[in-house]
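Chains as they are written, first to last, in the working numbering: chain A, 635 to 1061; chain B, 270 to 553; chain C, 14 to 315.
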Amino acid sequence: MIRTSRGRRRLGVVVGALAGSALALAGCSAPVASGPEQITFSYLWGGAEAEAIEAIIADFNASQDEVEVTGISSPDFQKQLTSLSASQGSFDISDHFGNAVGSWASKGILAPLDELLAANGVDPAGFAPASIEQLSYDGQIYSLPIAVHTFQLLYNKTLLAEAGVEVPTTIEELETAIAALTKVEADGTITQLGLGDPSPSTTITTLGYAFGGDWDADGAPSPTDAGNVQALQWYYDNLVAPVGADQLAAFKSGLGEYMSPEDPFYTGKYAMVIDGEWRAVNIPSTAPDLDWGVTSIPYVSTALADTTQLTVSTLFIPANSAHKEAAAKFLAYLVSDEGATAFSLALGNLPAKLSLVGSPAYDDIPEFSVWLDALAGDNVHALSSAPYSAEYSTDLGLAFDEVLTGASTPEAALQKVADNSSNYATE
Amino acid sequence: MALADSIVRRRRGPRWLRGWRIVPVALLALVFVFPFLVMLSTAFKETGDIFSAPPTLLPTTWTFGNFAEAFEDIPFWRYLANTLFVSGLSVLGTVLSCPLVAYALAKIRWRGARPLLIIVLLTMMMPPQVTLIPVFLIWNGLGAVGSFLPLIVPAFLGTPFLIFMIRQFLLSVPNELIEAARIDGASEFRTYWSIVLPIARPAIVTAAVFQFVWSWTDFLNPLIYLGNPDQYTLSIGLYSFFGENDVAWGPLMAACVLFTLPALVIFLIGQRFFIGGISAGALK
Amino acid sequence: MRGITVRRRQALTGLAFAAPFLVGFSVFIAYPVAASGFYSFTDFNLFQPPEFVGLDNYARMADDERFWIALTNTLLLTVTGVPLSIIIAIAGAHLLNLPVRGQPLFRALVYLPSIVPIVVGGYLWRWLLNTEYGFINYFLGLVGIDGPGWLVEPEWTKPAIVLMSLWTVGGTMIIYLAALKEVPRELYEAAALDGANWWTKFRHITWPTLSPVTLFQVIVNVIAYLQIFTQPYLLAQTRLNDAGAGPGQSMLTYAMYLFQNAFSFLKMGYASAMAWVLFLITLAITIVILVSSRRWVHDGSR
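Okay, structure coming up:
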């Protein structure tokens, strides 16, 4: 028997006397007549991250007496959606991801923030522009970035030295480095990959930008943009074709868990990876012996130097909150320099604020500045958060999978995405 | 009973052969329990020791640190009490409601039996994803979101799977027993209570165990319906070991071992009832 | 006259006994199911009023490549998973019914996987199935078999899902164990005196008692496999929180695609239509099973 049957226990209510008398309706907190306004902060983080967030909440509660925040760790977004679907929600502020903002805003479930931010003295110009762009819909801001991520090229210094490879700065140098760092046995078995792909989707979309492509030209899906096709072709030519799709699959089936001590980058099975800033926090604790470095993603032309992709974790106030003003006060605190520093340090993510670029607060994290400084660059891109985004990124992921397994060519696979985009949700 | 057993046993081959029967049984159990053994050993491993190629079962150094961390990270006893409360009342509800409905389906001759059986079956066929939100909105309308009610009340109204299961068991109960009670002038409820319930005990205990384990391991419903962390159940607590990008394997496995043990004990207690041969005596 | 009264009284008794479920059904099932039926004819994103679109959602399925992939995958899992579950459960129940020392413990151990939270179980299996760090290929290697890349080779992902699902077959086995208790033991003794072999005994003594339970198990397992979600969902993740569909979408099941439409794409109208189609497919298969069951199920009350 499969245990999906538990999902089926959804009958029934009220054998009134029997159940009602036996149960205390705990948790229905009555509104407090006086004293600070009570709001609930429901966040998706758990574990050590949740503890750090609770500490920040405690700091906020101690800093003023108008608003009192209760934090709830609620690690599943279905809870958010159910609460958001009710006329009055169970939380007043929560976190989500930047790529959903347009979709949610268009459905009226996010509170517009422009006025609330102005009232609390928060200036949107202080955040990385690509992030604010992703978090806006129809000229209004609907979420604020609490943590952002950029992607850079990490490399294993030991392996590069062994192979006599310099740290690549151009795409041609990267090609040479990949070839020199990929080791294949006589029977075709791969023992080491020049460039690994912890998340092919993120790596390829980032490379698309690096090749001058754009995934959402003119506010619509543009998968067949020349740069995108080039990037996917490059990826196939340099990472798949030389070793063969089957051998690549066999190699991947034996890789260790991501960010565990057996992570392929930590064990030397990947010589290089394109990944986010959380690595800088993870490596010292998980792979302390790894001799590693990080550099900008090699450029195709100097005009495209320092290209990276920005992904965003957001804070939002739901439209069904009864305490929007109080929630906005807390939001303003979380994105203040003080709050954002504490938050980003707790999560090991980048703060979204330009004023914190170069901040000494991050000096203890090795190489963090490579990711952090990128925020201020000109070639920082974020995928659109339009209503179609979820379907679009799913389709892109499938197209990449087809190309990487040799089932389709870049042009054909991306053209299929373009053809299918007419079915996407428009609102 | 004991005499009958010994007679049966004597007929099943020589003694040395009987001793060997434990081998396939133990092998079967080993296959099923093996992943759990991996979990158990991981709970005692240090972080750097968890994965290796080739894999190893025994820790190189034993540590209790993961258990300490598990207790530190979640208010274990509080969550345990909540989980027991929810699971216990759900089991009570199941035991009271499901056999009643099953009896109406299997042993009462009325025109509604057939349609009702079909409804019970149909209810199981609807994928839960699409009814999640409408059901939530009903509870929300009743003002019960944020309380334990949405997790407990459904059990008192009967679970289709368990109703259907008990009904199938009741089918094999000879009608003569029930007819005899009816002819003796017993009321329908009395017949149900004093004749059918005792016979159906293995099925009912099985249902109770299932209900207990579902409530025990349920994650989505507690998460959606419980309002504040003081009400959280253990299954939600387990999620605090999953980070955004990585898993705290050692503490997760330790917490998971602690999580499964109470349910295992309940099972061991419960199985005495459906294994003790009680019903066999009642049937003959 | 008297016949009618008796019948009416029987009906009232039936209603009274069924009352809990009737209340539960009318409050908590009838409305949501009806609502999903209504949504299936609309464009509905969960948050804004649904917009009537007629049969569009149903028509769209015909051209939706992923819909067909998901349906095919699900049916393949069902036709392999259900028979295996039933056979293993019956065989296992027989073993667990053998009078050996420590029998209760063995039973508990077989049921134990069902107590492990399925999400933790999912990660455990991803690890077990890893070709370098996992035990499955390690054991296969010990007997000289070069194990497959379970989660990266499209032709091996479904066996992986079935394997993980079979791990929790203990619940089914327990139901069979309880059913085995109902088999009249003296018949075995009589058969043994007649010199019957194990197959004859199973066919003529055990099976008649197990068959109603088997009908129930087949139906329940078919429903569960047609709705299978968590196992493939977890095994298809390329890493934590990164939902995928497996290589070549070989792990995309119907319920996964339905879930994705409902909660990622917020296309609740389309998801509801998919739910109704799955419902009708389940219903059709169940009717076939029920009709065929007249040939193979021994009903004690008949």
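From the three backbone atoms N, C-alpha and C, an ideal C-beta is built for every residue, glycine too.
### Message
Across the stretch 169-177 of chain C and the stretch 259-273 of chain C, are there enough close Cβ pairs to call them in contact, namely three or more that are closer than 8 Å?
### Response
yes
### Query
What three-state label does DSSP hand Ala-1059(A) in the structure shown?
coil
### Query
Are the stretch 838-854 of chain A and the stretch 809-827 of chain A touching by the rule of at least three beta carbon pairs closer than 8 Å?
no
### Query
Could you give the distance in angstroms between the alpha-carbon of Val-13(C) and the alpha-carbon of Ser-970(A)?
An answer regarding residue 13(C) cannot be provided, because it is not within the stretch 14 to 315 covered by chain C.
### Task
At 4 residues or longer, and completely inside the stretch 243-272 of chain C: list those alpha helix (DSSP H) runs for me, N to C.
Fully enclosed alpha helix (DSSP H) runs of 4 or longer: 243-248, 267-272.
### Task
With distances taken Cα to Cα, identify the nearest neighbour of Leu-5(C) among Ser-224(C), Val-290(C), Phe-278(C).
Nothing can be reported for residue 5(C), as the shown portion of chain C is limited to 14 through 315.
### Proximal residues of chain C, C-beta to C-beta of Ser-484(B) below 7 Å
Neighbours of Ser-484(B) on chain C: none; closest Cβ ~12 Å, over 7 Å.
### Task
Please compile the residues from chain B whose C-beta is within a distance smaller than 7 Å of the C-beta of Arg-2(C).
This structure does not reach residue 2(C), given that chain C is present from 14 up to 315, and the question cannot be answered.
#### Entry: First through last residue of the beta strand (DSSP E) which encompasses Asp-909(A)
904-910
### Message
If you follow the beta strand (DSSP E) that Ile-780(A) is in, where does it begin and where does it stop?
### Response
778-790
### Task
Give the interface partners of Gln-712(A) over in chain C, defined as CB-CB distance under 8 Å, in chain order.
Under the 8 Å cutoff, chain C gives Phe-276.
### Message
Buried or exposed for Gln-698(A), going by 16 or more other Cβ atoms inside 10 Å?
### Response
exposed
### Message
Give me the chain C residues within the contact set of Tyr-372(B), using Cβ-Cβ distance strictly less than 8 Å, ordered along the chain.
### Response
Within chain C, the residues Phe-30 have their CB atoms less than 8 Å from the CB of Tyr-372(B), given in chain order.
### Message
Taking the alpha helix (DSSP H) that Val-233(C) belongs to, which residues open and close that run?
### Response
220-239
### Query
DSSP on Gly-427(B), reduced to helix/strand/coil?
coil
### Task
Closer than 7 Å, Cβ to Cβ, to anything on chain A: give me those residues from the stretch 334-357 of chain B, in chain order.
Against chain A - using a Cβ distance shorter than 7 Å - the residues of the stretch 334-357 of chain B are Asp-342.
### Task
Let me know if Ala-658(A) comes out buried or exposed under the rule of 16 or more other beta-carbons within 10 Å of its beta-carbon.
Because Ala-658(A) sits at a pLDDT of 33, beneath the cut-off of 50, its placement in the model cannot be relied upon, and the point is left open.
### Query
So, is Ala-477(B) buried or exposed, given that buried needs 16 or more other C-beta atoms within 10 angstroms?
buried
### Query
Can a CB atom of chain A be found closer than 8 Å to the CB of Lys-280(C)?
Chain A has a Cβ within less than 8 Å of the Cβ of Lys-280(C).
### Query
If Ala-939(A) and Glu-767(A) are in contact, beta carbons under 8 Å, what's the gap, nearest whole angstrom?
Contact between Ala-939(A) and Glu-767(A) fails: their C-beta atoms lie close to 21 Å from each other, not under 8 Å.
### Query
Near Val-355(B), which residues of its chain fall below 7 Å by C-beta distance, leaving aside the five closest residues on each side in sequence?
Phe-417, Leu-420, Ile-421, Ser-484, Thr-502
### Message
Within 8 Å of any Cβ in chain C, is that where the Cβ of Gln-398(B) sits?
### Response
yes
### Query
Which full runs of the beta strand (DSSP E) of 3+ residues lie inside the stretch 682-722 of chain A, going along the chain?
701-707
### Task
Report all residues from its chain with a CB closer than 6 Å to the CB of Thr-792(A); omit the five preceding and five following residues, and keep chain order.
Correct list, in chain order: Asp-925.
### Query
If you run the structure through DSSP and keep just helix, strand and coil, what is Leu-1062(A)?
Lying outside 635 to 1061, the shown extent of chain A, residue 1062(A) is not represented and no answer is given.
### Query
In three-state terms, what does DSSP make of Tyr-771(A)?
strand
### Message
Using only the alpha-carbon positions, how far apart do Asp-710(A) and Tyr-900(A) sit?
### Response
29 Å
### Beta carbon of Leu-949(A) nearer than 8 Å to that of Asp-729(A)
yes
### Query
Which of the three DSSP states, helix, strand or coil, is assigned to His-107(C)?
helix
### Task
For His-783(A), count neighbouring C-beta atoms within 10 Å of its own C-beta (all shown protein chains included) and say buried if the count is 16 or more, exposed if not.
buried
### Query
Tyr-892(A) by DSSP, collapsed to three states: which one?
coil
### Query
Taking the beta strand (DSSP E) that Val-113(C) falls in, what are its first and last residues?
Taken as a continuous stretch (DSSP letters only), Val-113(C) belongs to no beta strand (DSSP E), as it is neither H nor E.
### Task
Examine chain A for any beta-carbon lying closer than 8 Å to the beta-carbon of Ala-477(B), and answer yes or no.
Answer no: the Cβ-Cβ gap between Ala-477(B) and chain A never drops below 8 Å.
#### Entry: Ile-241(C) beta carbon less than 8 Å from that of Ala-268(C)
yes
### Query
If you draw a straight line from the alpha carbon of Ile-493(B) to that of Lys-713(A), how long is it in whole angstroms?
So the two alpha carbons sit approximately 5 Å from each other.
### For Leu-279(C), the nearest candidate out of Pro-746(A), Lys-741(A), Pro-779(A), Met-893(A) (CA to CA)
Looking only at Pro-746(A), Lys-741(A), Pro-779(A), Met-893(A), the smallest Cα-Cα distance to Leu-279(C) is reached by Lys-741(A).
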